[in-house]
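Colleague: The sequence shown: position 212 = 212 (the working numbering), numbered continuously. Sharing a structure below in structure tokens format, with a few things to ask.
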Amino acid sequence: MKKKCMLAVGMLLVLSMLSGCGAKKDGPMDQVQEKVSNVEVENPQTGTMKDEYKYSGTIEPKDTVDVTASMTGTVKAVNFKEGDKVNKGDVLFTIDTKDLENTIKTNKASLASADASIQSAKTNLELANGATMQTQIENAKNAVTNAKNSVATAQTSLDTAGVSVNNAKTTLDDKQNTYNINKQLFDAGGLSKQALDDSQTALTAAQNAYTQAVNSKQQAEVSLSQAKSSLENAQKSYDILVNQTSKENVTKAQDSLNTAQASRKTVQAQIEASESKLSVAVVKSPISGTVSECNVTAGAQLLTAKTPFTIVDLNTVDVQVNVSEDVVPNLKVGDSVQITIPTLSNQAVTGHISEISDVSNADGTFKVKVEMSNTDGKLKAGMFAEVNFAKSTSDGAVIVPRDAVLRDGDDYYAFVIEDGKAKKVDVTIGIDAGETIEVKSGIKTSDKVVTKGQTYLDDGAKVKVVSDNGTEITEATTEATTENPKAKKSKGENK
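Written out as structure tokens, the structure reads:
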């Protein structure tokens, strides 16, 4: 009995000690932090999406015209330079026609001689047909005398002109030699510019005097030739009258008339050809545009190896691209096309298809030409251009940024925000335009779609929206704090 009492007391003491040790005061709450992700959101947009074929090309002028001359010679004046704007009909340059004009004068003199020959042949024919009279014989004799006098006068003029040419040539050689010496002295610094200019002026005057003397001599030669021809014709007419004509003479007279008339036609044709060249000596622009090349210089000979002028029309420009054969059936002339110009900060320009080749290139592609308006002149020949041909179009499409749509194998998904949390939604995509993408199902335009911060989100994750449709949202906290319930107090107390 005694042992049982002692055991009971011991147990009570142990329980009492345990109770005292278990008694605790309330401590601070344990705090657990739950991570919140910052995200940016946007509402989907609606619009038209286009799936496109993209090809690259170079901008070229719509029209390029090489302007040539129909005659050669010395360029007299050049009125435009490279880069200048020209209108249709503007005179680009002119060719010196001095030699051509002299040729025309000579031919006209020959024409007058031919007319005289015709008249003489007609007279001879009449005489050969028996119209001989004494008065005609006297007139013919006087004509011979006058013709001889004319020949003598013309010969004297020619002799005088020859002397003038020799004198002018001597003076020209002297002035040329003087100028050459002065030029060397000037280049060496031993002569003033004024003195050199004076010698140049004297040389030019001598050149002009020599040219005038040569022209005068040529005219004198023509006059002498005409006088001799007139004398010959007068003498023939006189001889026919004196010697009585025969039937044979009639035939010959007719032949002479025919020959004279044919000669006149030849000379007339030469005159007309020369006069037509006078008109082409003035070279005009066939189109309005810009001078891209100018290969002529005033005072220089016109070179046939180079095109004098090239005019380009940049009011309308083309881009030619080589399109694969599977794309060609989807294109037609007149289709609207979007063109991007990288040089102009990727500026988009609208054009249209103007040509589609019916024959493939060696590599199996087809040439397609796209035309664009360029009235503001921003597009330059040689600029790089990206041509976008529409493959398919979706009107009223729901559009989100491309980065908002994530991929899991063959499936696509995005995150939308509901009650401060990210909700993963499966989506069906349509046209992918690179920076944006069409969502055919899974997202509404009223949804707040996560566009940044979505990569590491989990379904149901708590988020903080820091930007909504591009508008920054400021808020102090980025984390939420939750507390555990307080630990219950022990009812026992140490005593």
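For each residue, glycine too, the CB sits at the ideal point set by N, CA and C. Here the structure is a predicted model, which is why all the values come from computation and not from measurement.
1) Quick check on valine 333: buried or exposed, where buried means 16 or more other Cβ atoms within 10 Å of its Cβ?
2) Is DSSP giving leucine 379 helix, strand or coil here?
3) Name the residue from Ser292, Ala168 and Ala116 whose alpha carbon lies nearest to the alpha carbon of alanine 81.
4) DSSP three-state label for threonine 153, please.
5) Take every Cβ of the region 411–420, pair it with every Cβ of the region 436–456, and state whether three or more of those distances are shorter than 8 Å.
6) Ignore the nearest five residues each way along the sequence and tell me which others in threonine 375's own chain have a CB closer than 8 Å to its CB.
7) Measuring CB to CB, does valine 67 end up less than 8 Å from alanine 298?
8) Which partner residues of alanine 390 appear in the DSSP bridge assignment?
9) Beta carbon of serine 285, beta carbon of glycine 89: below 8 Å?
10) Give me whichever residues DSSP pairs with valine 450 in a beta bridge.
11) Thinking C-beta only, is alanine 397 closer than 8 Å to glycine 430?
12) Let's test the definition: count the other Cβ atoms within 10 Å of the Cβ of asparagine 258 and tell me whether it reaches 16, buried, or not, exposed.
13) Mind checking aspartate 318: buried by the 16 CB within 10 Å criterion, or exposed?
14) Alpha carbons only, please: which of Lys141, Ala300, Asp63 and Asp51 is nearest the one belonging to isoleucine 95?
15) Decide if the region 378–395 is in contact with the region 51–59; the criterion is three or more beta carbon pairs, one per stretch, under 8 Å apart.
16) For serine 360, write down the residues that DSSP places opposite it in a beta bridge.
17) Name the residue from Asp432, Lys440 and Arg402 whose alpha carbon lies nearest to the alpha carbon of aspartate 426.
18) For a test of the three-state rule: what should DSSP assign to isoleucine 95, helix, strand or coil?
19) Is DSSP giving glutamate 325 helix, strand or coil here?
20) With 16 as the cutoff for other CB atoms within 10 Å, does glycine 289 come out buried or exposed?
21) Have a look at valine 321 and phenylalanine 309 and give me their C-alpha separation to the nearest angstrom.
22) Would you report the Cα separation of serine 225 and lysine 105, rounded to the nearest angstrom?
23) Using the Cβ count rule (16 or more neighbours within 10 Å means buried), how would you classify threonine 455?
24) Could you tell me if lysine 217 is buried or exposed, where buried requires 16 or more neighbouring beta carbons within 10 angstroms of its beta carbon?
Modeller: Answer, in terms of the structure:
1) With a threshold of 16 other beta carbon atoms within 10 Å, valine 333 falls short and is exposed.
2) coil
3) Note that residue 81 corresponds to lysine in the displayed sequence, not to alanine. The shortest C-alpha separation from lysine 81 is found at Ser292.
4) helix
5) yes
6) Counting only Cβ-Cβ distances below 8 Å, and skipping sequence neighbours, we find Asn315.
7) Cβ distance not < 8 Å, so valine 67 and alanine 298 don't count as in contact.
8) Glu52
9) yes
10) Val41
11) yes
12) With fewer than 16 Cβ atoms within 10 Å of its Cβ, asparagine 258 is classed as exposed.
13) buried
14) Ala300
15) yes
16) Phe366
17) Lys440
18) strand
19) coil
20) buried
21) Distance between the alpha carbons of valine 321 and phenylalanine 309 is about 28 Å.
22) Approximately 14 Å between the Cα atoms of the pair.
23) Counting Cβ neighbours within 10 Å, threonine 455 comes out exposed, since fewer than 16 surround it.
24) Lysine 217 comes out buried.
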